[in-house]
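Novice:
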Amino acid sequence: MQGGEEIRDQAVGFMEAWGIPGVAPFAFCLFFSKLVAYTFLYWLPFYISHKVIGGEYLSDSTARLLSSLFDVGGVFGGILAGHVSDHLDIRAIMAASFMYSAIPALFLYHAYGSISLFCNAALMISAGLFVNGPYALITTAISADLGTHGSLKGNSRALATVTGIVDATGSVGAAIGPLLTGCLSSKSWDSVFIMLMVAALIAGLLLTNLVIAMSKLS
């Protein structure tokens, strides 16, 4: 009995944690999700101040203030995603739905955000809601679920390893996104938004494959 407890209390290995069903798809989903989110975090004020909105250029201070609405949308997105996924127990489906919805949200913001200040703000909140919704869901509830997966036989110490893997993979995307944006924005902001939409699509596809695999097991 004591020996069994010692085995369960051992920390899970790095490669063993990667082998837990769902860890890799969610980790790479967070990679692309953070790529989009942190690109907005670092570049959105610059993008707004260099884009004609409502027939005029905004000041740097106004651009910074307006860009904070992306995070406002993210707050509501995280709450909505968490609330629905908890009640319906569909975390993977919820995260995938948000990532797919982020694609038209990003397109609409880039295409029609220059019409007026109000339109820009509304579309920015919408983009923040769909981009940051799955980002918040994966880094909290999903990581906790993966760390207590049945394949670990009750080894709760795996939670820290799994959470670290998922979050660290996402942090790589957070670093790469703004870096690529610096290269692409010098040519065209269209290229930047195409990159962001492709990243959201890949994240959604990764989660879709996971949802299909989980449905076959159930």
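No gaps in the numbering here: position 97 of the sequence shown is 104 in the working numbering, and each next residue is one more. Each residue gets a CB set at the ideal place from its N, CA and C atoms; glycine is no exception.
Where DSSP assigns a beta bridge to A63, which residues make up the other side?
Specialist: It is Glu, not Ala, that sits at residue 63 in the sequence shown. Answer by DSSP bridge pairing, in chain order: I60.
Novice: Flag this pair as yes or no: are the beta carbons of F77 and A134 separated by less than 8 Å?
Specialist: Yes; because the gap between Cβ atoms is below 8 Å, this pair is in contact.
Novice: Quick test of the definition: if touching needs 3 or more C-beta pairs under 8 Å, does the segment 88-101 touch the segment 113-129?
Specialist: The segment 88-101 is not in contact with the segment 113-129.
Novice: On the criterion of 16 or more Cβ atoms from any shown chain inside 10 Å, does G62 qualify as buried, or is it exposed?
Specialist: Exposed, by the Cβ-count rule.
Novice: Spatial neighbours of S178 within its chain, please: CB distance less than 8 Å, with the 5 preceding and 5 following residues excluded, ordered by chain position.
Specialist: For S178, where only same-chain residues beyond five positions count, the Cβ hits under 8 Å are K41.
Novice: If you draw a straight line from the alpha carbon of P52 to that of G171, how long is it in whole angstroms?
Specialist: In a straight line, the C-alpha of P52 is about 30 Å away from that of G171.
Novice: Should V173 and A99 be called a contact, given that it needs their Cβ atoms to be closer than 8 Å?
Specialist: No, they are not a contact pair.
Novice: Identify the continuous alpha helix (DSSP H) that holds I122 and give its terminal residues.
Specialist: Looking at the DSSP string, I122 is not in any alpha helix (DSSP H), and its letter there is neither H nor E.
Novice: Distance check for A103 and L191, CA to CA, integer angstroms please.
Specialist: Going from the Cα of L191 to the Cα of A103 covers about 27 Å.
Novice: Rank A34, H117, A24, E23 by C-alpha distance to the C-alpha of L214 and give the top, closest one.
Specialist: Nearest of A34, H117, A24, E23 to L214, Cα basis: A34.
Novice: Roughly how far, in whole angstroms, is the beta-carbon of F38 from the beta-carbon of T176, given that I think they are within contact range, below 8 Å?
Specialist: Right, their Cβ atoms sit about 5 Å apart.
Novice: Can you tell me whether DSSP reads P111 as helix, strand or coil?
Specialist: In this structure, P111 counts as helix in the three-state DSSP scheme.
Novice: Which of the three DSSP states is assigned to P185 in this structure?
Specialist: It is helical.
Novice: I'd like to check one pair, G189 with V43: are the Cβ atoms closer than 8 Å?
Specialist: Cβ atoms of V43 and G189: not closer than 8 Å.
Novice: What is the C-beta distance between A24 and A109, in whole angstroms, given that I count them as a contact (C-beta under 8 Å)?
Specialist: Going by Cβ atoms, the distance from A24 to A109 rounds to 28 Å, so no, they are not a contact pair.
Novice: If I follow the unbroken alpha helix (DSSP H) through G26, where does it start and stop?
Specialist: G26 -> no alpha helix (DSSP H), and no H or E assigned at all.
Novice: Put D93 into one of helix, strand or coil per three-state DSSP.
Specialist: If DSSP states are grouped into helix, strand and coil, D93 belongs with the helices.
Novice: What is the rounded straight-line gap between the Cα of G81 and the Cα of D67?
Specialist: If you take the alpha carbons of G81 and D67, they lie about 22 Å apart.
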